[in-house]
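Numbering-wise, this note's numbering comes out as the position in the first sequence, counting from 1, plus 4.
Where is the CB? At the ideal position from N, CA and C, for every residue including glycine.
A short worksheet on the structure shown next.
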Amino acid sequence: MKILALHSDFIEIEPKKKAIKQAEDIKKEKIIVKDCLVVLSASQKADEGKEKAVAKRLVNEIKDISEKVGTKNVVLYPYVHLVSDPSNPKSAKEILDLAAKDLKKNYKVTSAPFGWYKAFNLKCKGHPLSELSREFGGESKVEKVERKRPPAVYKVMAASGKITDAKKFKFSKHPLLESFYNYETGNRKTKDLAPPHLKIMHMHDLCDNEPASEFGNLRWYPAGTFIKRQLENYISQKVHAFGGLEVETPIMYSLDDPIISKFLEAFSERQFKVLSGKKKLFLRYAACFGQFMIKKDMPLSYKNLPLKMYELSKYAFRREQRGEAVGLKRACAFTMPDMHTVCKDLKHAKEEFIKQHEFEMDVAKGYGVEYSLVYRMTNEFFQNSKDWLKKMVKIWKKPMLLEILDYSDQYWIVKNNYVYMDNLGRPIETQTVQIDVQNAQRYGIEYIDKTGKQKTPVILHMSPGGIERVLAGILENTVDKKNPVFPLWLSPTQVRICPVSDKFIKDAEKISNQLEKERIRVDIDDRVESIGKKISGAQKEWIPAVIVIGEKEKKAKKLPLRFRESGKIKDMSLAEIAKWVKKECSGKPFRPLPLPNMLSKRPIFS
RNA sequence: GCCUUCGUAGCUCAGUGGUAGAGCGUUGCCUUGGUAAGGCAGAGGUCACGAGUUCAAAUCUCGCCGGGGGCUCCA
5 MKILALHSDF IEIEPKKKAI KQAEDIKKEK IIVKDCLVVL SASQKADEGK EKAVAKRLVN
65 EIKDISEKVG TKNVVLYPYV HLVSDPSNPK SAKEILDLAA KDLKKNYKVT SAPFGWYKAF
125 NLKCKGHPLS ELSREFGGES KVEKVERKRP PAVYKVMAAS GKITDAKKFK FSKHPLLESF
185 YNYETGNRKT KDLAPPHLKI MHMHDLCDNE PASEFGNLRW YPAGTFIKRQ LENYISQKVH
245 AFGGLEVETP IMYSLDDPII SKFLEAFSER QFKVLSGKKK LFLRYAACFG QFMIKKDMPL
305 SYKNLPLKMY ELSKYAFRRE QRGEAVGLKR ACAFTMPDMH TVCKDLKHAK EEFIKQHEFE
365 MDVAKGYGVE YSLVYRMTNE FFQNSKDWLK KMVKIWKKPM LLEILDYSDQ YWIVKNNYVY
425 MDNLGRPIET QTVQIDVQNA QRYGIEYIDK TGKQKTPVIL HMSPGGIERV LAGILENTVD
485 KKNPVFPLWL SPTQVRICPV SDKFIKDAEK ISNQLEKERI RVDIDDRVES IGKKISGAQK
545 EWIPAVIVIG EKEKKAKKLP LRFRESGKIK DMSLAEIAKW VKKECSGKPF RPLPLPNMLS
605 KRPIFS
């Protein structure tokens, strides 16, 4: 559709006679509208069948222009002569009618008669914005790139390295892998319920959807922010120790960039786009772009390889469709740790892959959640890499699923996914390592080898798990437990002290100060409530350990810790408590209590 | 984007055409306690939003926005 918008002092329209058969029946009278935006429009062949989308675009354009020129009077004037390939009249009329209906909510709309020869008299204001032309189609429905893919073949590699057709594999001892396999192959037994982590998210005041944003954009409250930061710091700490060089790159990139734009064409529906004046930018969906752009500008030597570059992307953005963004499983803005390793060649990449696979498993230990492993690869890679896969399974020590693809329209030739399952039998894919054989060439990344020749490297992608998804996995994992707790290093409160009455608050504070010095997160239930209620509250909050303090404890040398998981009470000295927390949290980052330590002062967020 | 379902107090929800409800939480007072919920009183609502039908709409119809599920998708 092409439009010409004229901000006018007035327009005077006089219908003369019908130009086409389909012309609408009207009274032949003069129409005069003063101080208005006259929108001459013509729809094109390409708009046929997309009337709704085109009408929407038309409405948006008109809103945009009318706001700029400051008028609420709109005159829709069908003007087929603007284009050389007009659509059929029915389609054009439909677009105009839809647009008029929509615009009438906010504007005074006059529709010039459709299909008539009209005389008109118009005075255009002549300021810089008074004459604007625009051209657009129903972009919201861009044709999808049809990918005709042959179905994948699934096999299972047992811990011994033996490969079996997945259909024949006995999954009975591996229910997690089985339910994932079932989901992958379409035997989906899902329940018509929201994933349970949504409730937990809310119960613990972690986070919520932000109604003033797009769906899938979350706001995080202190307890949620605490857990998120802990996970972020844990991963970053691990990656640093593994040799990742941390960088920070922009979150938005120009759509006009010759390298990047090519990469994006097929996925334009999934991007958030941003306007900077006339320049169009998009928000990144991963940290690849920024890192590849750095690497392409670096004078890389074989001596630098493998070069591991790491970024914790806050945020990465994907414009998920309605019905796809669910709680933490698929947010539209998410935190993505992303490492890209430049390797000399495929052989080198395969060696490095093994190390990164071990690394991923080590990181996953900190999450404390059981998961499955799948390797997805091209058939060619599979045929050449059976021994390599055996090395993987030896580290993994359990059967892993193999998905073998008979096509290669993606940038990777092999990747693994670490898969958590939610309680409704749906997978949450988190960590991954991938061998990328396309992007080095696409971005022009090169290194100089021993002989002084320029070579194109192979790139390894590695993510130790999108933070939100990892959290979803951890939360889902608590659901079937009798007395669920967060891993101690992720518990906002580790120990709660409950004085039996307000006489003992001072004593509680003393103990709390001592424990705080040992870097333990302690809070005090100083509310005027019965001790039973304080215990009950601590249980509801999943506080891992509770200490009741009264006359008895004041005198005793040890403190009675009630552990949530077991429900048992154990007498422990301050030193023993500190030792326990240190042991449970070894190798994990520390953050102080995210909320006031006195419960009476603590705000409720949702 | 399509299909489906839901939207009532801070939260969880009841309320099928006739005065807006409960539990939890919150506020105040009483209770000063012994390992899962002490008592009493109060505050808190544009029934998502807009239009329509009706003497009368939380309730029926249409539209719109938002949440959940399914499809597609997840680079």
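Cβ-Cβ separation between Pro90 and Ala46: approximately 6 Å, consistent with a contact (criterion under 8 Å). Shown here, Trp546 sits in coil according to DSSP, grouped into three states, outside any helix or strand. With a cutoff of 8 Å on beta-carbon distance, His344 and Leu464 are scored as near each other. Between the alpha carbons of Glu252 and Phe246 lies a gap of roughly 18 Å. Checking the DSSP bridge columns, you'll see Cys40 partnered with Ser12. Counting other Cβ atoms within 10 Å of its Cβ, Lys486 stays below 16 and is therefore classed as exposed.
Residue range 390–400 is occupied by the alpha helix (DSSP H) that includes Trp400. Contact check for Gly470 against Thr434 passes: the beta carbons are separated by less than 8 Å. A Cβ-Cβ contact shorter than 8 Å links Thr339 with Tyr319.
The three-state reading of DSSP puts Asp212 in strand, counting E and B together. Between Leu222 and Leu475 the beta-carbon gap is near 11 Å, outside 8 Å, which marks them as no contact. Distance from Met396 to Val378 at the Cβ level is roughly 11 Å; contact not present, criterion being Cβ atoms closer than 8 Å.
Counting every other CB atom within 10 Å of its CB across the protein chains shown gives Arg326 a total below 16, marking it as exposed. Nearest in C-alpha terms to Cys589, of all of Pro491, Val79, Leu180, is Pro491.
Taking C-beta atoms under 8 Å as the contact rule, Leu597 and Gln518 fail to qualify, at a distance of about 15 Å.
The residues Tyr306, Lys348, Lys459, in chain order, have a CB closer than 8 Å to that of Asp453 in the same chain once the five nearest residues on each side in sequence are set aside.
Bridge pairing for Lys22: Trp120 [DSSP].
The continuous beta strand (DSSP E) containing Gln438 extends over residues 431–440. Distance from Ala123 to Glu18 at the Cβ level is roughly 4 Å; contact confirmed, criterion being Cβ atoms closer than 8 Å. Spatial neighbours of Glu324 in its own chain (CB-CB distance under 7 Å, excluding positions within 5 residues in sequence) are listed in chain order as Gly220, Arg334, Cys336. For Glu324, no beta strand (DSSP E) segment is defined, and its DSSP state is neither H nor E. In the three-state DSSP reduction, Ser505 falls in the coil class, being neither helix nor strand.
In this structure, the straight-line span from the alpha carbon of Leu180 to that of Glu139 is close to 53 Å. Cα atoms of Gly74 and Cys40: separation of roughly 9 Å, rounded to the nearest angstrom. Runs of the alpha helix (DSSP H) spanning 4 or more residues and lying entirely within the segment 278–341 occur at 292–300, in chain order.
Just so you know, the alpha carbons of Ala198 and Gly331 end up roughly 9 Å apart. Collapsing the DSSP output to three states places Ile528 in a strand.
Closest in alpha carbon position to Phe609, among Pro226, Ala9, Met425, Leu428, is Pro226.
Annotation for Ile535: Cys502, Val504, Val552 place their beta carbon closer than 7 Å to its own, counting only its chain and skipping 5 residues before and after.
Note on Phe594: under 16 other CB atoms within 10 angstroms of its CB, so exposed under the neighbour-count rule. Selection Leu44, Arg61, Glu28 evaluated against Lys94 yields Glu28 as nearest (Cα-Cα). Pro82 carries a strand assignment under DSSP once its states are collapsed to helix, strand and coil. Partner residues in the beta bridge of Pro90, as assigned by DSSP, are Gln48. Taking C-beta separations shorter than 8 Å and ignoring five residues to either side along the sequence, the partners of Leu259 in its chain run Ser265, Leu268, Lys277, Lys284, Leu285, Phe286, following chain order. For Leu304 and Val526, the gap between their C-alpha atoms comes out near 50 Å. For Val423, the enclosing beta strand (DSSP E) starts and ends at 416–425.
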